[in-house]
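Each protein sequence line maps, in turn, to chains A and B.
If you want my numbering, it's the 1-based position in the first sequence plus 80.
If you want my numbering, it's the 1-based position in the second sequence plus 80.
In this text, a Cβ means the ideal position worked out from N, Cα and C, and glycines have one as well.
2 protein chains.
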Amino acid sequence: MDGDHGQEAGGPRVRADARRNEDALLEAAKAIFAASGVDAPAREIAARAGVGVGTLYRRFPSRADLVIAVFKREVDACTAEAVVLASGHPPGEALALWLRRFTRFIAAKRGLAQALHSGDPAFQALPDYFRQNFEPALAGLLDAAVDVGAVRSGIEPYELLRAIGNLAAIKGAEPEGETSVMVELLIDGLRLSAGKVPPAAG
Amino acid sequence: MDGDHGQEAGGPRVRADARRNEDALLEAAKAIFAASGVDAPAREIAARAGVGVGTLYRRFPSRADLVIAVFKREVDACTAEAVVLASGHPPGEALALWLRRFTRFIAAKRGLAQALHSGDPAFQALPDYFRQNFEPALAGLLDAAVDVGAVRSGIEPYELLRAIGNLAAIKGAEPEGETSVMVELLIDGLRLSAGKVPPAAG
DNA sequence: TTATATACGGAACGTCGTTCCGTTTAGCAA
DNA sequence: TTGCTAAACGGAACGACGTTCCGTATATAA
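So this is what it looks like as structure tokens:
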């Protein structure tokens, strides 16, 4: 998705331990950002990753670098799952499963919202990255589900993304509580099963 | 405006040096907030005020306490000036002078905007304080100017406040530059002098 | 003037971001 | 396997900062 990460082309350009550590750093940062926000101490992230702070700063010179890398990595993981789900479930089910997965993605991003709106120009590209990856991913699932008659047509992928985003981002609501109930309502509302008709036709 | 500050009623309740220091602290914080934002180091503020950090923390235990106190103090100073100007100038002139004064107030508050929108509940009362003080102050000047025919009628004080606020708060614009030019246009637009007619009638 | 509550100042402590460099090690070649 | 070298590591060290604490100074009342 990005350029090469120094693995496939030619001889080993990046040492294996370096890549392992980068991975551990991103994993640790993801967990700690979710738990304590994006301002969590650098030492804490390095410790959880099992590396020294020097390694953290060498790989991610600024806090924004790390935040952006974590964000993109999770976006990529979430969109990749759309493909997996689509190939292992009926379209309607795949769509529902992925929307729940997306809900978890949003719920884990609470700490990020503040950084996004902080005015730091380093984060300007993130909303675009968000949309350019999620919109096609959802569109694929949605189209497939519409094709087999599992959900109604006429839903704009981006509007659905925003709707769930707004539901899941409600401050103070815990991920497993009311939020997911609301999202389930939304998912149910998409369905076009026997015995259900669009509200307008009632 | 607040409760008593321990001066007028009964015997001296607060030591004179304490009040002097509080004043110096607020004055120093005002200058440093304007220059470096509301996250400026506590030591720097204390040093400029000529007191120790202990004194700063005794008087303003949290950063929000200091920010709020500075904000209210400046609001009070700006509204008080409305009265002074009204009693020393013709109504139309008093209005123009005060609007320029208000523009300077807003321009000095750039650092505050971020704190205001930080979600800290300590700042929730500030927008109300802003409006409840500025709106009557401007309304008085405006009414007087309308009465003598210096400016057109039908202007809502709060909308004018917001208009200037939006002009003066444009990021990157220096207080003495384009911003004041735009505000002057606005002030001119208010005037109802011979030879000018409202745009709609042209 | 003296007593005392009040307020002051700044050293001290812990946390954090960031840098720097001596040490370790992955990858390659012989 | 062994040695070599460049890459990468790790964590001590430094400075800035928030915050606390208490010995000292002083404003005020008697």
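{"Asked": "Would you mind giving the Cβ-Cβ distance between B:Phe203 and B:Ala111, rounded to the nearest angstrom? I have them listed as a contact below 8 Å.", "Found": "Going by Cβ atoms, the distance from B:Phe203 to B:Ala111 rounds to 20 Å, so no, they are not a contact pair."}
{"Asked": "Count the other CB atoms, across all protein chains shown, that sit within 10 Å of the CB of B:Gly130; report buried if there are 16 or more and exposed otherwise.", "Found": "exposed"}
{"Asked": "Suppose the cutoff is 6 Å on Cβ atoms and the five residues either side in sequence are ignored; what does the same chain contact list for A:Gly245 look like?", "Found": "Ile186"}
{"Asked": "Once you ignore the five residues that flank B:Pro207 on each side, which residues in its own chain have a CB closer than 6 Å to its CB?", "Found": "none"}
{"Asked": "Using the C-alpha atoms, what's the distance from A:Asp156 back to A:Leu136?", "Found": "22 Å"}
{"Asked": "In whole angstroms, what is the alpha-carbon distance linking A:Ala171 and A:Ala225?", "Found": "In the sequence on display, residue 171 of chain A carries Pro and not Ala. When rounded, the distance between both Cα atoms is 5 Å."}
{"Asked": "Could you check whether B:Phe113 and B:Gly191 sit closer than 7 Å to each other, using their CB atoms as the reference points?", "Found": "yes"}
{"Asked": "Going straight from the alpha carbon of A:Pro279 to that of A:Val261, what length do you get?", "Found": "Only weak support exists for where A:Pro279 lies, its pLDDT of 48 falling under 50; the value from the coordinates is given anyway. Going by the C-alpha atoms only, they are around 20 Å apart."}
{"Asked": "Who pairs with B:Val261 in a beta bridge, going by DSSP?", "Found": "Answer is none; B:Val261 lacks a bridge partner."}
{"Asked": "Please determine if the stretch 212-221 of chain A and the stretch 229-240 of chain A are in contact, where contact requires at least 3 C-beta pairs separated by less than 8 Å.", "Found": "yes"}
{"Asked": "Where B:Pro201 and B:Ile148 are concerned, what is the direct C-alpha to C-alpha distance, given to the nearest angstrom?", "Found": "12 Å"}
{"Asked": "Short of 6 Å in beta carbon distance, which residues of its chain neighbour A:Gly90, apart from the five on each side in sequence? Order them along the chain.", "Found": "Low local confidence applies: a pLDDT of 43 at A:Gly90 is under 50, so the model's placement there is unreliable, and no value is given."}
{"Asked": "Which of the three DSSP states is assigned to A:Arg232 in this structure?", "Found": "coil"}
{"Asked": "In angstroms, rounded to a whole number, what distance separates the CA positions of B:Arg242 and A:Val163?", "Found": "49 Å"}
{"Asked": "Using only CA atoms, which one of B:Leu270, B:Asn101, B:Arg181 lies nearest to B:Val133?", "Found": "B:Asn101"}
{"Asked": "State the DSSP-derived secondary structure class of A:Arg271, mapped to helix, strand or coil.", "Found": "strand"}
{"Asked": "Looking at the unbroken alpha helix (DSSP H) that takes in B:Phe214, where does it start and where does it end?", "Found": "205-227"}
{"Asked": "Please return the same chain residues whose Cβ sits closer than 7 Å to the Cβ of B:Arg181, not counting the five positions on each side in sequence.", "Found": "Cys158, Glu161"}
{"Asked": "Taking Cβ to Cβ, would you say A:Ala109 is nearer than 7 Å to A:Val150?", "Found": "yes"}
{"Asked": "Checking 7 Å against the spacing of the C-beta atoms, do B:Leu165 and B:Leu177 come in under that value?", "Found": "yes"}
{"Asked": "Could you check the C-alpha separation between A:Leu270 and A:Gln194 for me, to the nearest Å?", "Found": "31 Å"}
{"Asked": "Name the residue from A:Ala96, A:Ala115, A:Arg153 whose alpha carbon lies nearest to the alpha carbon of A:Leu210.", "Found": "According to the sequence provided, residue 210 of chain A is Phe. The question's Leu does not apply to it. Of the listed residues, the one whose Cα sits closest to A:Phe210 is A:Arg153."}
{"Asked": "Round the Cβ separation of B:Ile267 and B:Leu179 to the nearest angstrom and send it over; I've been treating them as touching at under 8 Å.", "Found": "6 Å"}
{"Asked": "Grouping DSSP H, G and I as helix and E and B as strand, with all else coil, what is B:Pro171?", "Found": "helix"}
{"Asked": "What distance in whole Å lies between the Cβ atoms of A:Val231 and A:Leu175, which are believed to be in contact at a cut-off of 8 Å?", "Found": "7 Å"}
{"Asked": "Just curious, the alpha helix (DSSP H) that B:Asp97 is in, first and last residue?", "Found": "96-116"}
{"Asked": "With distances taken between CB atoms, is the gap from B:Ala127 to B:Thr183 smaller than 7 Å?", "Found": "no"}
{"Asked": "At which residue ranges does the stretch 127-192 of chain A contain complete alpha helix (DSSP H) runs of 4 or more residues, listed in the order of the chain?", "Found": "133-139, 143-168, 171-187"}
{"Asked": "For A:Gly229 and A:His169, I'd like the C-alpha separation in whole angstroms.", "Found": "15 Å"}
{"Asked": "A:Ala120: buried (16+ other C-beta within 10 angstroms of its C-beta) or exposed?", "Found": "buried"}
{"Asked": "Which of the three DSSP states is assigned to A:Ala249 in this structure?", "Found": "coil"}
{"Asked": "How many Å lie between B:Leu106 and B:Glu173 at the Cα?", "Found": "31 Å"}
{"Asked": "Using the three-state DSSP reduction, which class does B:Pro201 fall into: helix, strand or coil?", "Found": "helix"}
{"Asked": "Using the Cα positions of B:Asp227 and B:Phe214, report the straight-line distance between them to the nearest angstrom.", "Found": "20 Å"}
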